[in-house]
Structures are given as structure tokens and as C-alpha cells.
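Per UniProt numbering, the very first residue in the sequence shown carries number 1; after that it's consecutive. Below you'll find the structure, written out as C-alpha cells, and then a few comments.
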Amino acid sequence: MVVHATITTPVGLLDVAATERGISHVRFVVTGSGEPEDAGERHAPSSAEEQAARAHLAHGVRELGAYFDGELKDFSVPLDYNFPSSFRGRAQAALTRIPYGATCTYKDLAAAAESPKAVRAAGGACAHNPLPIFIPCHRVLPSTGGYGFYIGGPEAKRWLVEWEKNHPSPHSSGGEPQLSFRQSNQP
């Protein structure tokens with residue numbers, strides 16, 4: 001069972017989808033694009049599946065609201081996504097280790113995914129991220145400067161990076177990050 005909610009955010013409309021296992025997809029809605037595409041295979045819903053999916057959806061929508069209000073830095077809602085064992089999966093898993101307010105380069109991401117020369121593939125992993133914002137691909141920037149491509153558009157990426165830079169986390173996780181990060185002072 002897949003349930004959806006469309007929410008208005010500072011970076012545009014987001015279609016958020018959930019299953020009984022967690023948030024399964026986030027899509028930037030393009031005005032005039034019609035109904036959101038189905039987030040996955042539909043099963044005959046059971047009451048328990050539907051209730052669990054709706055609970056995860058409500059949790060995810062609340063957390064996105066808190067994030068955009070500057071009150072949440074780390075998401076706790078379960079995600080219904082198994083990272084593939086391929087390079088793409090390793091790169092997407094590495095995205096989850098980029099702390100709020102920090103950025104890294106595509107080169108850093110490729111190295112964190114154990115393939116330091118796969119810089120373009122790191123960009124592909126970001127471009128095919130099914131859970132933008134929850135899996136923070138917006139924190140990956142080109143080493144040449146600027147913001148680069150983003151599934152929600154360059155303005156959305158710029159907004160997210162600047163938002164996190166200007167709303168620093170009051171809680172530091174302590175410990176050393178596992179990627180080479182830089183603060184978001186310069187794109």
C-alpha cells in the first residue's frame with residue numbers, strides 16, 4: 001500500500017509517498033505535470049498496512065515541516081529504501097553521513113563510496129536519489145564551485161544549502177565525520 005501527500009515547502013511542492021515500511025519516495029512536483037507517478041507496486045491493502053503507511057507519511061510530513069521551520073536537523077522517520085550493493089547504493093548510503101550544514105564534493109562522495117575516480121557516477125547517484133532531503137544529496141557540490149545540478153532544480157539546491165548554513169544545528173553529534181566535509185560558507 002502506497003499513500004501520498006503533496007506538501008508546500010519553500011523549495012516547491014513535494015509529493016511524499018510512504019508504505020507500511022516507511023517513506024518510500026519524495027518527488028518535486030512540476031506544476032501542470034498531472035498526478036504524481038505511483039511510488040511502487042500496489043498490493044491489496046490490509047487495514048494494518050494502510051494504518052502503518054499513513055502513520056509513516058504523517059511522521060515524514062511533520063518532520064519535513066519541522067526541518068523547513070528550522071527546528072529539525074536529523075530525520076528519524078523510517079525510510080523504505082534498501083541501498084543497492086552497487087556503487088550507486090554505496091554513494092547514496094554515504095550521503096546519509098553528510099551532517100546538516102556541511103557539504104562535500106562529488107569527488108569526496110566518490111571516495112566515500114570506495115571508487116575515488118567515479119566522480120561522474122557520484123553525480124548519477126545523487127540524480128537518482130529517490131528520497132531527496134531525507135537522503136541529503138543537496139549537500140554535494142561541484143569542486144569547481146557553484147551548486148551544480150539538483151533533482152529539484154538549482155534554486156532549490158541553493159536554497160537548501162543556504163538554509164542549513166544560516167540555521168546551524170544547536171546539537172553537534174560529536175565525533176569525526178566519515179567524509180571530507182566543508183562548512184557551507186562558499187558554494
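Just so you know, even glycine gets a beta-carbon here, dropped at the ideal spot from N, CA and C.
- Query: How would you call A112, buried or exposed, if buried means at least 16 neighbouring beta carbons within 10 angstroms?
  - Reply: Locating residue 112 in the sequence shown gives position 112, where the first residue counts as 1. Counting the other Cβ atoms within 10 Å of the Cβ of A112 gives 16 or more, which makes it buried.
- For G153 versus F75, is the C-beta spacing smaller than 9 Å? Stepping through the sequence shown from its first residue, residue 153 is reached at position 153. Stepping through the sequence shown from its first residue, residue 75 is reached at position 75. The Cβ atoms of G153 and F75 lie no closer than 9 Å to each other.
- For R120, does the count of other Cβ atoms within 10 angstroms reach 16, so buried, or fall short, so exposed? For the purposes of this step, residue 120 is taken as residue 120 along the sequence shown, with counting starting at 1. Exposed: under 16 other Cβ atoms inside 10 Å.
- Query: By Cβ distance below 6 Å, which residues in the same chain neighbour G123 in space, the five residues on each side in sequence not counted?
  - Reply: Position 123 of the sequence shown holds residue 123. If we look at G123 and ignore the five residues flanking it on each side, its Cβ neighbours are Y106.
- Would you decide whether H128 is buried or exposed? Buried here means 16 or more other CB atoms lie within 10 Å of its CB. Translated into positions along the sequence shown, residue 128 becomes position 128. It counts as exposed.
- Item | Backbone CA spacing between E155 and E50 [nearest angstrom] | Your numbering for residue 155 matches position 155 in the sequence shown. Your numbering for residue 50 matches position 50 in the sequence shown. E155 and E50: Cα-Cα distance of roughly 35 Å.
- Message: Tell me the rounded alpha-carbon separation between E37 and K165.
- Response: If you number the sequence shown from 1, residue 37 lands on position 37. If you number the sequence shown from 1, residue 165 lands on position 165. With a pLDDT of 45 at E37, under the threshold of 50, the predicted position of this residue should be treated as unreliable, though the coordinate-derived value follows. Distance between the alpha carbons of E37 and K165: 33 Å.
- Query: If you draw a straight line from the alpha carbon of L72 to that of P168, how long is it in whole angstroms?
  - Reply: Within the sequence shown, residue 72 is the residue found at index 72, counting from 1. Within the sequence shown, residue 168 is the residue found at index 168, counting from 1. Each residue's Cα considered, the two are about 10 Å apart.
- Message: Once DSSP output is grouped into helix, strand and coil, what is the label at G12?
- Response: Within the sequence shown, the letter at position 12 stands for residue 12. If DSSP states are grouped into helix, strand and coil, G12 belongs with the strands.
- Give a yes or no on whether the C-beta atoms belonging to L64 and L131 are separated by under 9 Å. Within the sequence shown, residue 64 is the residue found at index 64, counting from 1. Within the sequence shown, residue 131 is the residue found at index 131, counting from 1. The answer is no: Cβ separation not under 9 Å.
- Item | Backbone secondary structure at V140 - three-state DSSP | Numbered from its first residue, the sequence shown carries residue 140 at position 140. Annotated three-state conformation of V140 is strand, per DSSP.
- Query: Per DSSP, which one or two residues make a beta bridge with I7?
  - Reply: Working through the sequence shown from its first residue, we reach residue 7 at position 7. Answer is L14, bridged to I7.
- Task: Measure how close the beta-carbons of Y147 and R139 come, nearest whole angstrom, since I'm counting them as under 8 Å.
- Result: Residue mapping note: residue 147 aligns to position 147 of the sequence shown, counting from 1. Residue mapping note: residue 139 aligns to position 139 of the sequence shown, counting from 1. That belief does not hold up - the Cβ atoms of Y147 and R139 are roughly 11 Å apart, past 8 Å.
- Message: Given this structure, state the Cα-to-Cα distance separating V2 from A110, to the nearest angstrom.
- Response: Locating residue 2 in the sequence shown gives position 2, counting from the first residue. Locating residue 110 in the sequence shown gives position 110, counting from the first residue. Roughly 32 Å separates the two Cα atoms.
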